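**Student:** Below you'll find the structure I mean.
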Amino acid sequence: METLEKMSREGTPFDAKRVFGCFSMDVIASTAFGIDVNSHKHPQDPFVQNAKKVDITEITALPPSVIIAGILSTFLPKYVLHKLGFAIFPADSVSFFRGVLKDIISKRTKLPPDQRRVDLLELMTRSNEDNIHNQDDVSKIRGLSQDEIITQTVAFFVAGYSSSSGLLANVALYLTKNPDVMDKLQHEMASVVKKTGEIQHEDIQRLEYMDMVLMETLRMVQFIRIPRLCIKDTTMKWITVPAGTEVVIYTGDLHMDPGYWKDPMTFNPERFSKEERAKQDPCTFLAFGAGPHKCIGMRLALMASKIALARLLQKYRFVPCPQTPGRDDFSLFDYDIWVKLKQLDDRNRSTAL
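If you want it as structure tokens, here you go:
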């Protein structure tokens, strides 16, 4: 917030993807790893540098081999990629995070439970310990291995960081193009957020229009590939998919299909009102996937995004600048999403508090 306040006073444009990326990294690092990182002030920190290497939206920072692996993974089995020496994430960064997490786990297990920091890593470690200690026959139970705990924690970090940073940047961009939507957001906050200006958890939960804005932004920009395994022979019209086939669903086709969405290229948060959602087939909106393998970082990404957006809109409005993209084909993977913040005057601030 200090950085954004300074930019607002000076009228300085900023790259929303980069600035919100720092915010998201700090939140997810604290929630998943229990590590306090100030990625804006310390961009050369080893944690920050390695986190950027595993960010799936940081295409310009990824090694060519990782980009190739991402492309090949859409149609080649994972064991084939492994044999060819390709990996989705850089091996050095994966090794770095494994080392960090092993060190944290080792130090925490030597502390009594009431002295441990409560985060995702701790909850999984504690759950594993409870499973082992509360079973009569240890040979019949299988808690999470340390390797599985580490893998899930890294997956949570990557999913939450990539989702929330890109989401916030694109929300800022859409608000500069749709000031009427920003007006509605700030009026909603005026009716929900307590007059103290302190945003409480229950306030965030009641910001329904903000939910609608986030969902519509995701529909417009969250184009991902979702792999699923076909478990039995399935015939769809003239196509038969044999059991064991990996099927990849491209969400862009669903999210922009005029058969499911009226005027799909138009930004319209009202699509996600309770009344409209009740009419929709839930499988036409898959920004976070679906089923038991839905994005592990979904809830945290949305909560972090809502808190950041609420705090900003209490004091500022997003406005365009000469570098603001003018096209409509941007996505979570775009960069150079430049915008400016305009501080609200006292009269306008009162309507946003």
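Numbering (numbering that gives the first Met the number 0), first residue to last: 0 to 352. Quick reminder that beta carbons are idealized off the backbone N, C-alpha and C, glycines included. Every value quoted in this text rests on a predicted model; they were computed, and no experiment measured them.
Tell me, please, whether the segment 214-230 touches the segment 252-268 by the rule of three or more beta-carbon pairs shorter than 8 Å.
**Tutor:** Yes, they touch.
**Student:** Report the option in Asp280, Glu121, Arg97 whose CA atom is closest to the CA atom of Thr108.
**Tutor:** The candidate whose alpha carbon is nearest that of Thr108 is Glu121.
**Student:** Report the rounded CA-to-CA distance for Ala158 versus Cys294, giving the unit in angstroms.
**Tutor:** Whole-angstrom Cα-Cα distance: 7 Å.
**Student:** For the segment 192-229, list the alpha helix (DSSP H) runs that are entirely contained and at least 4 residues long, ordered along the chain.
**Tutor:** Those alpha helix (DSSP H) runs which fall completely within the segment 192-229 and span 4+ residues are 200-204, 207-220.
**Student:** Please report how far the alpha carbon of Ser138 lies from the alpha carbon of Arg97, in whole angstroms.
**Tutor:** Note that Ser138 has pLDDT 48, beneath the 50 cutoff, so the model's placement of it is unreliable and the number below is only indicative. Roughly 27 Å between the two C-alpha positions.
**Student:** What three-state label does DSSP hand Gly20 in the structure shown?
**Tutor:** Correct three-state label for Gly20: helix.
**Student:** Between which two residues does the alpha helix (DSSP H) harbouring Tyr160 extend?
**Tutor:** Here the alpha helix (DSSP H) through Tyr160 covers 145-176.
**Student:** Please report the distance separating the alpha-carbon of Met181 from that of Phe287.
**Tutor:** Cα to Cα, the separation comes out at about 24 Å.
**Student:** What residue range does the beta strand (DSSP E) around Leu3 cover?
**Tutor:** Taken as a continuous stretch (DSSP letters only), Leu3 belongs to no beta strand (DSSP E), being part of the alpha helix (DSSP H) at 1-9.
**Student:** For the beta strand (DSSP E) that Lys101 lies in, which residues bound it at each end?
**Tutor:** Taken as a continuous stretch (DSSP letters only), Lys101 belongs to no beta strand (DSSP E), being part of the alpha helix (DSSP H) at 90-107.
**Student:** Between the beta-carbon of Thr250 and the beta-carbon of Ile223, is there less than 9 Å?
**Tutor:** Cβ distance < 9 Å, so Thr250 and Ile223 count as in contact.
**Student:** For Val10, I'd like the list of residues in its chain whose CB is within less than 8 Å of its CB, leaving aside the five on either flank, ordered along the chain.
**Tutor:** In the sequence on display, residue 10 carries Gly and not Val. Around Gly10: Lys339.
**Student:** Which term fits Thr234, buried or exposed, when burial requires 16 or more other beta carbons within 10 angstroms of its beta carbon?
**Tutor:** So Thr234 ends up on the exposed side.
**Student:** Is any non-hydrogen atom of the ligand NAP found closer than 8 Å to the C-beta of Val99, if you look at the structure I gave you?
**Tutor:** The ligand NAP is absent from the structure shown, which contains no ligand whatsoever.
**Student:** Just to check my reading of the structure: Ile203 and Lys305 have Cβ atoms closer than 8 Å, yes? What is that Cβ distance to the nearest angstrom?
**Tutor:** Going by Cβ atoms, the distance from Ile203 to Lys305 rounds to 5 Å, so yes, they are a contact pair.
**Student:** So what's Phe317 in DSSP terms, helix, strand or just coil?
**Tutor:** Correct three-state label for Phe317: strand.
**Student:** Could you give the distance in angstroms between the alpha-carbon of Lys273 and the alpha-carbon of Ala28?
**Tutor:** Approximately 33 Å, taken between the alpha carbons.
**Student:** Look up Lys236 in the DSSP assignment and say whether it is helix, strand or coil.
**Tutor:** It is coil, neither helix nor strand.
**Student:** Could you spell out where the alpha helix (DSSP H) holding Gln342 opens and where it closes?
**Tutor:** Taken as a continuous stretch (DSSP letters only), Gln342 belongs to no alpha helix (DSSP H), being part of the beta strand (DSSP E) at 337-342.
**Student:** Let's test the definition: count the other Cβ atoms within 10 Å of the Cβ of Arg8 and tell me whether it reaches 16, buried, or not, exposed.
**Tutor:** The residue in question, Arg8, is exposed, as its Cβ has fewer than 16 Cβ neighbours within 10 Å.
**Student:** Grab me the residues of Val99's own chain with a C-beta within less than 8 Å of its C-beta, minus the 5 sequence neighbours each way, in chain order.
**Tutor:** Phe32, Ile34, Phe46, listed in sequence order.
**Student:** Could you give the DSSP three-state label for Asp25: helix, strand or coil?
**Tutor:** Three-state result, Asp25: helix.
**Student:** Would you check if the segment 223-232 and the segment 176-190 touch, i.e. whether three or more CB-CB distances between them fall below 8 Å?
**Tutor:** Cβ pair count under 8 Å is below three, so no.
**Student:** Helix, strand or coil for Gly288 per DSSP?
**Tutor:** In this structure, Gly288 counts as strand in the three-state DSSP scheme.
**Student:** For Glu245, report the span of its beta strand (DSSP E) as first-last.
**Tutor:** Start and end: 245-249.
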